[in-house]
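Protein chains: 2
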Amino acid sequence: MAQIKAYVFDAYGTLFDVHSVQYRCEEVFPGHGIQLTTLWRNKQLQYTWLRSLMGRYEDFWTITRDALEYACQTLGLDHRPEQIDPLMEAYLTLSPFPDSAEALDSLVGTPCAILSNGTPAMLRSVVKNAGWEGRFQHILSVDAVKVYKPHPSVYQLAASELGVKAQEIMFVSSNGWDAAGAKTFGFQVCWLHRTTEPVEVLGIQPDRIIKTPLHLKEA
Amino acid sequence: MAQIKAYVFDAYGTLFDVHSVQYRCEEVFPGHGIQLTTLWRNKQLQYTWLRSLMGRYEDFWTITRDALEYACQTLGLDHRPEQIDPLMEAYLTLSPFPDSAEALDSLVGTPCAILSNGTPAMLRSVVKNAGWEGRFQHILSVDAVKVYKPHPSVYQLAASELGVKAQEIMFVSSNGWDAAGAKTFGFQVCWLHRTTEPVEVLGIQPDRIIKTPLHLKEA
Chain P
1 MAQIKAYVFD AYGTLFDVHS VQYRCEEVFP GHGIQLTTLW RNKQLQYTWL
51 RSLMGRYEDF WTITRDALEY ACQTLGLDHR PEQIDPLMEA YLTLSPFPDS
101 AEALDSLVGT PCAILSNGTP AMLRSVVKNA GWEGRFQHIL SVDAVKVYKP
151 HPSVYQLAAS ELGVKAQEIM FVSSNGWDAA GAKTFGFQVC WLHRTTEPVE
201 VLGIQPDRII KTPLHLKEA
Chain F
1001 MAQIKAYVFD AYGTLFDVHS VQYRCEEVFP GHGIQLTTLW RNKQLQYTWL
1051 RSLMGRYEDF WTITRDALEY ACQTLGLDHR PEQIDPLMEA YLTLSPFPDS
1101 AEALDSLVGT PCAILSNGTP AMLRSVVKNA GWEGRFQHIL SVDAVKVYKP
1151 HPSVYQLAAS ELGVKAQEIM FVSSNGWDAA GAKTFGFQVC WLHRTTEPVE
1201 VLGIQPDRII KTPLHLKEA
């Protein structure tokens, strides 16, 4: 494999714990936290794929809100601004996983970037909330290319902005399908296997599978 | 609205009942029928969208098998050919919904077509199994364009093959996201609302919402 000249991280589920949203959901809708969070997340991803295929891009803030509205309707829950707004705000203050900061420290000296579905404003907010300003060479949003992962234009954005060849980039994602998209594009890929989910059966494998980003530096 | 010159039907979940697969799943994996069917169907759709976005098309038979393998792995179920093959075969003998045949009868005189993610062989098989040979002017598979719904190329295929303008086609699907894709393309669209699911929040609405295809002719 080519020498690694940059690390590119997915944000949601990789550096930041999306399931911290669950606590907020449970507060607003007692007894429905897990179910709402799961539905919301699934629908959010679906909408990124569907809108990309239909050629009807809307940004991730809009899609996230639309998905929440759908999820609330499915469960028969109110979705007036009083309920919706505090849940949306949870996305602006997602906590990093406990191992994220130390993992980033271990990579000092090699450029690091974020490449995410999130809007620039959403990403700035979580990075600031984590106290990580200045930590990344680039914070890249699909909003620049108006199509979502795993479309190759998204991964190309990172290669272009970093000025590094695809095969010299190590892309790190906890989302198996994102890892498959990045590998298809030509990155070296590390699937951060934070859960017990099987490998996606998409005909392509990540180069590495690790349980914590603390192991990124080891290979 | 323009006069309707052709009806184009989605197959799975619209004319044919995908959940008849559930009984077979329950036979092969007692106690896991519903869970396996749901996971399988979700993953099957995911893989159509993901592979379309990645530009790595495989036909629906392959994707359906891959999704089943993933679903079995998730639930810790065996997925050797002894288990997998009978479940895959269920897709070749899906039952039509009880109201499908009468609905098609009610439209005699107007060309009808199927436009489906299924492979030509899968579609031929279910049409034959239903005793519907000769009933459709066209049985169209996305396999001709190597990308899945809701990509506009799929809907264009129907307009081109039927030789009818998009706005003169009434497209009928029970899948809200498919209805959104077809409406985006330019068809008149009827969402066949067989379940209690909310309307997809995708910024576009079907022209009609009906609970049974028997109501197609009424407008």
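Which chain is which? The protein sequence lines are P and F, in order.
61 is the number that my numbering gives to position 61 of the first sequence; each next residue is one higher, with no gaps.
Count along the second sequence starting at 1, add 1000, and that's the number in my numbering.
Cβ coordinates follow ideal geometry from the N, Cα and C atoms, glycine included.
In this text the structure is predicted, and so the values were computed from the model without any measurement.
Would you mind stating whether residue i and residue j have Cβ atoms separated by less than 7 Å?
i	j	result
phenylalanine 1016/F	proline 1081/F	no
tyrosine 1012/F	cysteine 1112/F	no
glutamate 168/P	leucine 140/P	no
glycine 1118/F	phenylalanine 1060/F	yes
valine 1126/F	leucine 1094/F	yes
proline 198/P	aspartate 99/P	no
tryptophan 1040/F	alanine 1071/F	yes
phenylalanine 1171/F	valine 1145/F	no
isoleucine 1063/F	tyrosine 1047/F	yes
glycine 1181/F	lysine 1149/F	yes
phenylalanine 1029/F	leucine 1104/F	no
valine 18/P	alanine 90/P	no
leucine 53/P	serine 1116/F	no
threonine 37/P	leucine 192/P	no
proline 1206/F	alanine 1166/F	no
valine 154/P	aspartate 1066/F	no
Under a three-way DSSP split, which group does residue i fall into?
i	result
proline 1152/F	helix
phenylalanine 1097/F	coil
alanine 6/P	strand
arginine 1041/F	helix
phenylalanine 136/P	coil
methionine 170/P	strand
If you compare alpha carbons, which of the options is closest to residue i?
i	options	result
alanine 1101/F	Leu1123/F, Ser1125/F, Trp1132/F and Gly1109/F	Trp1132/F
leucine 1107/F	Lys1211/F, Phe1009/F, Ile1209/F and Arg1208/F	Phe1009/F
isoleucine 1209/F	Ser1116/F, Val1201/F and Ser1174/F	Ser1174/F
glycine 109/P	Glu69/P, Gln137/P, Ala179/P and Ile204/P	Gln137/P
leucine 92/P	Ala130/P, Val28/P, Leu45/P and Val201/P	Ala130/P
leucine 1068/F	Ser1052/F, Leu1053/F and Leu1087/F	Leu1087/F
tryptophan 1177/F	Leu1157/F, Pro1152/F and Val1164/F	Pro1152/F
glutamine 1083/F	Gln1044/F, Arg1194/F and Glu1027/F	Glu1027/F
isoleucine 1004/F	Arg1194/F, Lys1183/F, Val1201/F and Val1164/F	Val1164/F
glycine 1031/F	Asn1042/F, Leu1075/F, Lys1043/F and Gln1044/F	Leu1075/F
isoleucine 1204/F	Thr1195/F, His1215/F, Thr1196/F and Lys1183/F	Lys1183/F
aspartate 1085/F	Cys1025/F, Ala1002/F and Lys1211/F	Cys1025/F
arginine 56/P	Val147/P, His215/P, Ala159/P and Arg194/P	Val147/P
Along the chain, where does the alpha helix (DSSP H) that runs through residue i open and close?
i	result
serine 1174/F	Neither: serine 1174/F is in no alpha helix (DSSP H) and is coded neither H nor E.
arginine 24/P	20-28
Considering just the uninterrupted stretch of the beta strand (DSSP E) at residue i, what are its terminal residues?
i	result
valine 1189/F	1188-1192
arginine 56/P	Premise fails: arginine 56/P is in no beta strand (DSSP E) and is neither H nor E.
arginine 1208/F	1208-1210
leucine 202/P	Per DSSP, leucine 202/P belongs to no beta strand (DSSP E) and is neither H nor E.
Run through chain B and tell me which residues come within less than 7 Å of residue i, C-beta to C-beta.
i	result
arginine 41/P	In the structure shown, chain B does not exist; the protein chains are P and F.
Exercise for review: Jot down the residue ranges of each uninterrupted beta strand (DSSP E) in the segment 72-120 of chain P, minimum 3 residues, whole runs only, in chain order.
Suggested key: 112-116
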